[in-house]
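For reference, the structure discussed in these notes is given below.
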Amino acid sequence: MSRLLQQRNLQSLKLCCVILLIIQRDTESTQVIGGRRTVVQGKDVDLSCRLIDTTEDLEQITWQKSTLEETQNHNFMLIYPNGVTKFITPNGLTGRVQFIGNPSENLGSIRITAVRLLDEGTFTCIFSVFPSGAYNTEIPLTVLVPPVVSVTVDVPPLIGENEVVFATCVAAGAKPQADVRWKTGALGSLLRTVTNSTQHTNGTTTVLSHLLGVPTRAANQQQVQCVVNQSALVAEKTYNYNINIHYPPQTMNITLSEASKATVFLCVADGNPQPSYTWSRLAQPWPGSSVRAEGDTLHFLSLSSELNGLYVCEASNPYGRANGSLHVHTSSGEKHLRHTHTHTTHTGCQWWKKYPIVIIENDSHKSEIHPANYYISKSLSIWV
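Going left to right, the sequence shown walks through residues -29 to -1, 1 to 355 as mature numbering (1 follows the signal peptide of the UniProt record, and there is no 0) numbers them.
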């Protein structure tokens, strides 16, 4: 009897071994497939995983996540064979993760929307099947962060002889670090760059590239370009910047307005910021409503001896001032208007009968311009 029992036990043991061998052979090829993913911050990403080469019954799909700060895996989502999902620990994913797989096809994929930098880490997809147990794969997720770019200068440079910062191109909060360079156009080798970077605790980097040169009037309003390239960008981006050099008013000119039929003079000075203009009458009171000053223009509404005198235009900005003068003289017979300023070209108007005549006085000559003629003296252009 005992011998018969031993034979039966031996047969049962052999049968179990055969079953285990069959199961082992069936499960040797069973695996979960997935893959590394990279996404730009703010975009959506699909994390795909599938259990292959098995006919065993699915019991559950589990998703876990670990990060550099939290190296231990934490379950955040369970998926059951009927497709029901359960969130365990949100792990910062609340409202942004959804199941897009199919349990009947052993597909356990999920989608994360509006990806954040904190989502970066290693995701683990685990399939639990009966009777062999659990199979998993790790899916590393890398989050790229595009730079926030600006081109500025803390204080506009003042004209001088020492090298200063013309502009700073900032590529802030990028992951990985952005590449920043300058195109200096017409200024070419007159400028140089100094670049430094700061790495932040969240893994992003800020790059500052300074453009330096000697501030001159010639450099003012010259266009340069900051070019930024980084893997989160579809293509490199170019940012135009006009160099802004400050300097006091200079090159003062008082000219007769060509656009007006009335006697109107324009006071023009080169300065940055744009100068403001003030008109005054030297050593005499202002002649009332016959002469009107509006910013850079001086309007003579009529001509009489009461308007005679020296009119001064002052251009000023925070860095200095410049002056020019206009001398007016009229007599009872013929009416003359003589204009002088800081340059050697002098301009005047004279009336012949009812038509205006322009008198141009230079250091070396004097000429009269009659109606319908056009004259250019140095930089002065006058139609009469």
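All residues carry an ideal CB built from backbone N, CA and C; glycine is no exception.
query, result
"Nonlocal neighbours in the same chain, by C-beta distance under 6 Å from V151, ignoring five residues either side", "C140, A142, V178, S180 and V199"
"Inter-stretch contact at 8 Å, needing at least 3 Cβ pairs: the segment 164 to 172 / the segment 219 to 238", "no"
"Cβ separation of E21 and I4, assumed to be a contact under 8 Å, to the nearest whole Å", "Checking the sequence, you will find Arg at residue 21 rather than Glu. The pair is a contact, with the Cβ atoms about 6 Å apart (cut-off 8 Å)."
"Sequence-distant residues of the same chain with beta carbon closer than 7 Å to G13, five excluded per side", "A85 and V86"
"Which residues DSSP lists as bridging L78, in chain order", "R21 and N73"
"Simplified DSSP assignment, three categories, for R263", "strand"
"7 Å Cβ cutoff met for T9 and T25", "no"
"Segments of 4+ residues assigned as alpha helix (DSSP H) that fall wholly inside the segment 128 to 186", "none"
"When L274, L269 and G295 are compared against S302, the one with the closest alpha-carbon", "L274"
"Own chain partners of S251 with C-beta closer than 6 Å, once the 5 adjacent residues on each side are dropped", "V283"
"Three-state secondary structure assigned by DSSP to D28", "strand"
"Entirely enclosed beta strand (DSSP E) segments - the segment 201 to 243, minimum 3 residues", "208 to 213, 218 to 227 and 234 to 243"
"For H300, the residue or residues it bridges with in DSSP", "Answer is none; H300 lacks a bridge partner."
"Chain-order list of residues whose beta-carbon lies under 7 Å from that of K154 (same chain, five-residue window excluded)", "V195, Q196 and V198"
"Residue range of the unbroken beta strand (DSSP E) whose run includes H250", "Going by the sequence as given, residue 250 is Trp instead of His. Counting along the chain, the beta strand (DSSP E) containing W250 begins and ends at S247 to R252."
"Which of helix, strand or coil DSSP assigns to A85", "coil"
"According to DSSP, residues forming a beta bridge with N288", "G291"
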